[in-house]
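Visitor: FYI, in numbering that gives the first Met the number 0 the residues of the sequence shown are 0 to 492. Glycine residues also receive a C-beta, built at the ideal position from the N, C-alpha and C atoms.
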Amino acid sequence: MTVKEIRDQLAAMAAEKGLDRPARILLTASECAPLAKTGGLADVVGTLPKYLNKLGFDARVMIPYHRIIKEKYGDRVEYLFSFYVSLGWRTKFVGVNKLELDGVTIWLIENEEYFGGPIYMPDREGEQYAYFTRAVIEALFRLQFIPDIIHCNDWHVGMLPLLLKTQYVDSEMGGTRTLLTIHNIAYQGLCQFDFVQDFLSIPDGCLGLMERYGMADFLKAGCVMADRVNTVSPSYAREICTWEYGEGLDPVLSLRGDVDGIVNGIDKAVWNPGTDKRIPANYTRSKMSGKKACKLALMEETGLEVVPGRPLIGMVTRLAEQKGLELVMAAMDQILWDNDCAFILLGDGSKKYESWLRGLEERHPGRACAWIGYDDDLSHHIYAGCDFFLMPSRFEPCGISQLIAMAYGTLPIVRETGGLRDTVQPYNQYTGEGTGITFARMDGYDMADAVRRALWVYGNKEAMNGLIKNAMAVDYSCDNWAYEYGQLYLSMI
Ligand code: ADP
Numbered sequence: 000m001t002v003k004e005i006r007d008q009l010a011a012m013a014a015e016k017g018l019d020r021p022a023r024i025l026l027t028a029s030e031c032a033p034l035a036k037t038g039g040l041a042d043v044v045g046t047l048p049k050y051l052n053k054l055g056f057d058a059r060v061m062i063p064y065h066r067i068i069k070e071k072y073g074d075r076v077e078y079l080f081s082f083y084v085s086l087g088w089r090t091k092f093v094g095v096n097k098l099e100l101d102g103v104t105i106w107l108i109e110n111e112e113y114f115g116g117p118i119y120m121p122d123r124e125g126e127q128y129a130y131f132t133r134a135v136i137e138a139l140f141r142l143q144f145i146p147d148i149i150h151c152n153d154w155h156v157g158m159l160p161l162l163l164k165t166q167y168v169d170s171e172m173g174g175t176r177t178l179l180t181i182h183n184i185a186y187q188g189l190c191q192f193d194f195v196q197d198f199l200s201i202p203d204g205c206l207g208l209m210e211r212y213g214m215a216d217f218l219k220a221g222c223v224m225a226d227r228v229n230t231v232s233p234s235y236a237r238e239i240c241t242w243e244y245g246e247g248l249d250p251v252l253s254l255r256g257d258v259d260g261i262v263n264g265i266d267k268a269v270w271n272p273g274t275d276k277r278i279p280a281n282y283t284r285s286k287m288s289g290k291k292a293c294k295l296a297l298m299e300e301t302g303l304e305v306v307p308g309r310p311l312i313g314m315v316t317r318l319a320e321q322k323g324l325e326l327v328m329a330a331m332d333q334i335l336w337d338n339d340c341a342f343i344l345l346g347d348g349s350k351k352y353e354s355w356l357r358g359l360e361e362r363h364p365g366r367a368c369a370w371i372g373y374d375d376d377l378s379h380h381i382y383a384g385c386d387f388f389l390m391p392s393r394f395e396p397c398g399i400s401q402l403i404a405m406a407y408g409t410l411p412i413v414r415e416t417g418g419l420r421d422t423v424q425p426y427n428q429y430t431g432e433g434t435g436i437t438f439a440r441m442d443g444y445d446m447a448d449a450v451r452r453a454l455w456v457y458g459n460k461e462a463m464n465g466l467i468k469n470a471m472a473v474d475y476s477c478d479n480w481a482y483e484y485g486q487l488y489l490s491m492i
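1. Under three-state DSSP, which class holds E243?
2. Could you say which of F92, V44, R237 and A14 lies nearest to A28 if we only look at CA atoms?
3. Relative to the C-alpha of G308, which candidate in T301, L297 and K291 has its C-alpha closest?
4. From I278 to W370, what distance separates their C-alpha atoms?
5. Enumerated in chain order, which unbroken segments of the alpha helix (DSSP H) with a length of 4 residues or greater are wholly contained in the region 59 to 94?
6. For I334 and H155, what's the separation of their Cα atoms in angstroms?
7. Check whether the Cβ atoms of I184 and L254 lie closer than 8 Å to each other.
8. Jot down the residue ranges of each uninterrupted alpha helix (DSSP H) in the region 167 to 219, minimum 4 residues, whole runs only, in chain order.
9. Is DSSP giving I278 helix, strand or coil here?
10. If you draw a straight line from the C-alpha of L47 to the C-alpha of N229, how long is it?
11. Is the beta carbon of P272 closer than 8 Å to that of N281?
12. Look at the alpha carbon of L311 and the alpha carbon of Q166, and state the distance between them as a whole number of angstroms.
13. Short check: CB of C222 to CB of L252, under 8 Å?
14. With a Cβ-Cβ cutoff of 8 Å, do E109 and F198 count as a contact?
15. Return the CA-CA distance between H363 and H379, expressed in angstroms with no decimal places.
16. So the alpha helix (DSSP H) F114 belongs to, where does it begin and stop?
17. Using a Cβ-Cβ cutoff of less than 8 Å, which residues in the same chain neighbour L178 once the five nearest sequence positions on both sides are dropped?
18. Going by DSSP, what residue range makes up the alpha helix (DSSP H) through G39?
19. Look at V413 and T437 and say whether their C-beta atoms are less than 8 Å apart.
20. Got a sec: does the ligand ADP put a non-hydrogen atom nearer than 7 Å to the Cβ of E412?
21. Under a CB-based cut-off of 8 Å, is N263 close to chain D?
22. How would you write the range of the beta strand (DSSP E) that C151 sits in, first residue to last?
23. The alpha helix (DSSP H) with N464 in it runs from where to where?
24. Got a sec, what are the start and stop residues for the beta strand (DSSP E) T316 sits in?
25. Return yes when the Cβ of G384 is within less than 8 Å of the Cβ of L324, no when it is not.
26. Between A220, D448, G348 and K276, which lies nearest to L326 when the distance is taken from Cα to Cα?
27. Candidates G417, Q8 and Q196: which alpha carbon is nearest R133's?
28. Can you tell me the Cβ-Cβ gap for L86 and L54, rounded? I've got them flagged as a contact below 8 Å.
29. Which same chain residues, not among the five before or five after A32, have their C-beta less than 8 Å away from its C-beta?
30. Checking 8 Å against the spacing of the C-beta atoms, do Y130 and K91 come in under that value?
31. In terms of DSSP beta bridges, what is R227 paired with?
32. Which residues mark the beginning and the end of the beta strand (DSSP E) in which L26 is found?
33. So what's P411 in DSSP terms, helix, strand or just coil?
34. Look at the alpha carbon of G246 and the alpha carbon of M405, and state the distance between them as a whole number of angstroms.
35. May I have the straight-line CA-CA distance separating C205 from F80, to the nearest angstrom?
36. What is the residue span of the alpha helix (DSSP H) that L419 lies within?
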């Protein structure tokens, strides 16, 4: 469908609901790209509203005014007003600021105590985001923006539906509906129970709605109280209703029976090898020569031996258990000993992986490179310059990296879980179909076998070029993605 057709369909749906103005959507979360980003959540919150507005919605964003945003964007931010909120016996300052980015209004909640430091305060995350949740609701009244839908993302704002339905039923926001999107069920915001009860004045009758193992569970509160709960891929939606992946919330989610999944889109304004200004040479599906230049530049930049014909496998990842780094630790040495290939990883996180990666570099000089840190530019270079992109995740709600890799003609090698299963079509050597190489078991040997198959494909020009063409033709455009969310929002009004 064209954008115009999508717009018309959504307009017809809105008219059926009796809406004679654009539906008002507020997206709220702890992070939003490009202002503050630690992972895929930020990409979603930063991109979706842009495309919703193109489709006729009035979508706005509210996030904390983190220090990192002040440092980078402070001179473009406009101060609006401030007020105080009561949190139990405490009274806390709330500054409301505004930034317009790509035509989207982003409101920034300011409080030095909570947001003057890192995006996630060690040991005080619960308090930080309980404060934020209260501030969001109170700020909306003062901004006179009464949303039709508040779209909450992840545990940080999981308490919002509970507060809205227990403390604001008789207010102007009594008719506001809530959608909770779970980007990662492994993070639930467990916090000391008595503290949360007091801090957010949760009435005694509602305590069971947020209690788990004697703690306050922010995500559980959202799962119980939101009008709709969804997640970021159909497979993950099914998985989190099971004991194996549900992290203890599977009974709640199964009981609801309405959890579904919408696969994230990627922003082609940012992730497009044909126009990307951060990569050394541009290329397209029909004119691929620039990709070779990207590979050579990447090898040079990262100190790998510059061997144009040597297959290069890349990763851009948080260094967290979720990402399957155990498998990399189990199998990567053998892969590099057995095959003439090279490996580069850009990542940030747990020190245990960092020191192992340093060792890998020493054992395979010129063929293994570990770049520790967060680096947007280098991530673009890796997506463009590698031949393969490895994602052996233990679980993966959606995964954006494999979508980006496919757009850059870098074939994903992934474990068949969650969004990876939904988005990467396994290579079929008989029909030539597929967009990547997949494996099923959480096992180093299985991963090594997938890499071996990938290297076989690399050695077979026709198969390799066919797969690259297939991968680059996959359309995870934001228009379709926003269309699906648009339909969901309107169905809730
Ligand atoms: P998750 O949200 O679980 O970390 P996703 O695949 O959904 O995983 O999204 C990860 C996003 O963060 C991608 O855009 C990826 O390029 C980016 N990213 C992850 N680690 C880094 C890093 N160290 N440097 C730059 N970008 C990174």
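Guide: Answer, in terms of the structure:
1. Locating residue 243 in the sequence shown gives position 244, counting from the first residue. It is coil, neither helix nor strand.
2. Start at 1 with the first residue of the sequence shown, and residue 28 comes out as number 29. Nearest option by C-alpha distance: V44.
3. Mapped onto the sequence shown, residue 308 falls at position 309. When each option's Cα is compared against that of G308, the closest is K291.
4. Looking up residue 278 in the sequence shown gives position 279. Looking up residue 370 in the sequence shown gives position 371. Using only the alpha carbons, I get a separation of about 17 Å.
5. 66 to 72
6. Locating residue 334 in the sequence shown gives position 335, counting from the first residue. Locating residue 155 in the sequence shown gives position 156, counting from the first residue. Whole-angstrom Cα-Cα distance: 40 Å.
7. The residue labelled residue 184 in the question sits at position 185 within the sequence shown. The residue labelled residue 254 in the question sits at position 255 within the sequence shown. Contact flag unset, no.
8. 192 to 198
9. Residue mapping note: residue 278 aligns to position 279 of the sequence shown, counting from 1. Reduced to three states, the DSSP call for I278 is coil.
10. Taking the sequence shown and counting its residues from 1, one reaches residue 47 at position 48. Taking the sequence shown and counting its residues from 1, one reaches residue 229 at position 230. When rounded, the distance between both Cα atoms is 15 Å.
11. Working through the sequence shown from its first residue, we reach residue 281 at position 282. Working through the sequence shown from its first residue, we reach residue 272 at position 273. Contact: yes.
12. Residue mapping note: residue 311 aligns to position 312 of the sequence shown, counting from 1. Residue mapping note: residue 166 aligns to position 167 of the sequence shown, counting from 1. Those two C-alpha atoms are separated by around 55 Å.
13. As a position in the sequence shown, residue 222 is number 223, starting the count at 1. As a position in the sequence shown, residue 252 is number 253, starting the count at 1. Yes, these two residues count as a Cβ contact at 8 Å.
14. Within the sequence shown, the letter at position 110 stands for residue 109. Within the sequence shown, the letter at position 199 stands for residue 198. For E109 and F198, no; Cβs fall outside 8 Å.
15. For the purposes of this step, residue 363 is taken as the residue at position 364 of the sequence shown. For the purposes of this step, residue 379 is taken as the residue at position 380 of the sequence shown. Their backbone Cα atoms lie some 24 Å apart in a straight line.
16. Position 115 of the sequence shown holds residue 114. Taken as a continuous stretch (DSSP letters only), the alpha helix (DSSP H) holding F114 covers E111 to F114.
17. The count along the sequence shown starts at 1 and reaches residue 178 at position 179. Same-chain partners within the cutoff: I148, I149, H150, C151, A225, D226, R227, V228, N229, L487, Y488 and M491.
18. Taking the first residue of the sequence shown as position 1, residue 39 is located at position 40. Counting along the chain, the alpha helix (DSSP H) containing G39 begins and ends at G39 to K53.
19. Within the sequence shown, residue 413 is the residue found at index 414, counting from 1. Within the sequence shown, residue 437 is the residue found at index 438, counting from 1. Yes.
20. Numbered from 1 along the sequence shown, position 413 holds the residue referred to as residue 412. What sits at residue 412 in the sequence shown is Ile, not Glu. Result no, Cβ not under 7 Å from the ligand ADP.
21. In summary, chain D is missing from the structure at hand, where a single protein chain is found.
22. Taking the first residue of the sequence shown as position 1, residue 151 is located at position 152. Per DSSP, C151 belongs to the beta strand (DSSP E) from I148 to N152.
23. The count along the sequence shown starts at 1 and reaches residue 464 at position 465. Where N464 is concerned, the enclosing alpha helix (DSSP H) stretches over K460 to A472.
24. Position 317 of the sequence shown holds residue 316. L311 to L318 is the span of the beta strand (DSSP E), which, as asked, contains T316.
25. What you label residue 324 is simply residue 325 of the sequence shown in a count that begins at 1. What you label residue 384 is simply residue 385 of the sequence shown in a count that begins at 1. Cβ distance not < 8 Å, so L324 and G384 don't count as in contact.
26. Residue 326 sits at position 327 when you count from the first residue of the sequence shown. Minimum Cα distance to L326 is reached at D448.
27. Here the question's residue 133 lines up with position 134 in the sequence shown. Taking only the C-alpha atoms, the option nearest R133 is Q196.
28. Taking the sequence shown and counting its residues from 1, the one referred to as residue 86 is at position 87. Taking the sequence shown and counting its residues from 1, the one referred to as residue 54 is at position 55. At roughly 37 Å, the Cβ-Cβ gap does not stay under 8 Å, so L86 and L54 are not in contact.
29. Counting from one through the sequence shown, the residue named residue 32 turns up at place 33. So the qualifying residues of the chain are A41, D42, V44, G45 and T46.
30. To locate residue 130, count along the sequence shown from 1; it is residue 131. To locate residue 91, count along the sequence shown from 1; it is residue 92. Taking 8 Å as the Cβ cut-off, Y130 and K91 qualify as a contacting pair.
31. Along the sequence shown, read from residue 1 onward, the residue named residue 227 stands at position 228. Note: R227 sits in a beta bridge opposite L178.
32. The residue given as residue 26 occupies position 27 in the sequence shown. Run containing L26: R23 to T27, per the beta strand (DSSP E) assignment.
33. Taking the first residue of the sequence shown as 1, we reach residue 411 at position 412. Reduced to three states, the DSSP call for P411 is strand.
34. Here residue 246 is taken as the residue at index 247 of the sequence shown, counted from 1. Here residue 405 is taken as the residue at index 406 of the sequence shown, counted from 1. Note that residue 246 corresponds to Glu in the displayed sequence, not to Gly. Between E246 and M405, the C-alpha separation is close to 30 Å.
35. Sequence index remark: in the sequence shown, residue 205 carries index 206 (1-based). Sequence index remark: in the sequence shown, residue 80 carries index 81 (1-based). The straight-line gap from Cα to Cα measures roughly 33 Å.
36. The count along the sequence shown starts at 1 and reaches residue 419 at position 420. Its alpha helix (DSSP H) spans residues G417 to T422.
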